[in-house]
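Q: Take the position in the sequence shown, starting the count at 1, then add 611; the result is the number in this note's numbering.
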Amino acid sequence: MSDFQINFEIPSAKEYAHLFETTGWNQVYQASQDALHQAITNSWQAVCAYDDKQLIGFGRVVSDGVLYAMIYDLIVHPDYRNRGLGTELLKNLLNACEAANIRSIQLFSAKGKVVFYEQRGFVARPADAPGMVYEKTLNQ
């Protein structure tokens with residue numbers, strides 16, 4: 612993990628669109644490069660990972676900044692998976708939420724990724740209320 616640089620800046624539209632395409636999600640969303648960039652620009656918090664100048668990881672939080680936060684688009688380029696990068700990105704997003712005293716941090720897991728999030732403290736919600744939530748009490 613130490614070979615990569617982490618920062619909290621919004622990447623360029625081109626960088627993000629290239630990384631987003633590695634997920635296959637845009638087959639569903641069919642979002643333009645500009646639309647994708649607008650979405651991440653409107654985030655409450657973002658975290659990026661770079662290998663030299665290549666964007667290789669990204670995650671973001673949409674939040675009211677007080678009570679609730681939702682993690683979206685935790686992406687690691689396929690060539691960089693299984694090196695702890697996803698964990699590092701998630702840790703940075705959780706730290707930002709916890710620093711703001713946000714107690715309810717939620718996400719929707721991509722198919723096959725539930726165990727990854729469970730191993731990092733998230734709990735699957737009941738089938739009648741899908742999604743996952745990571746909640747902490749104040750001063751815990």
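Heads up, the beta-carbon is just placed ideally off N, CA and C, and yes, glycines get one too. Keep in mind it's a predicted model, so treat the numbers as computed, not measured.
1. I believe T634 touches I686 by the beta-carbon criterion, under 8 Å. Please report the beta-carbon distance rounded to the nearest angstrom.
2. Using a Cβ-Cβ cutoff of less than 7 Å, which residues in the same chain neighbour E626 once the five nearest sequence positions on both sides are dropped?
3. In the structure shown, what three-state DSSP assignment does I713 receive?
4. Starting from the Cα of D684, find the closest Cα among A735, Y661 and N637 and give me that residue.
5. What three-state label does DSSP hand V639 in the structure shown?
6. Below 8 Å on the Cβ atoms is my contact criterion, and I expect A711 with G676 to pass it. Report the Cβ-Cβ distance as a whole number of Å.
7. State yes or no: is the C-beta of A680 within less than 8 Å of the C-beta of F615?
A: Taking the definition as stated:
1. So it is a contact: roughly 6 Å between Cβ atoms.
2. Within the same chain, L666 come within 7 Å of E626 by CB-CB distance, once the 5 residues on both sides are set aside.
3. Three-state result, I713: coil.
4. Ranking A735, Y661 and N637 by Cα distance to D684 puts N637 first.
5. Shown here, V639 sits in a helix according to DSSP, grouped into three states.
6. Yes, A711 and G676 are in contact; Cβ-Cβ is about 6 Å, under 8 Å.
7. For A680 and F615, no; Cβs fall outside 8 Å.
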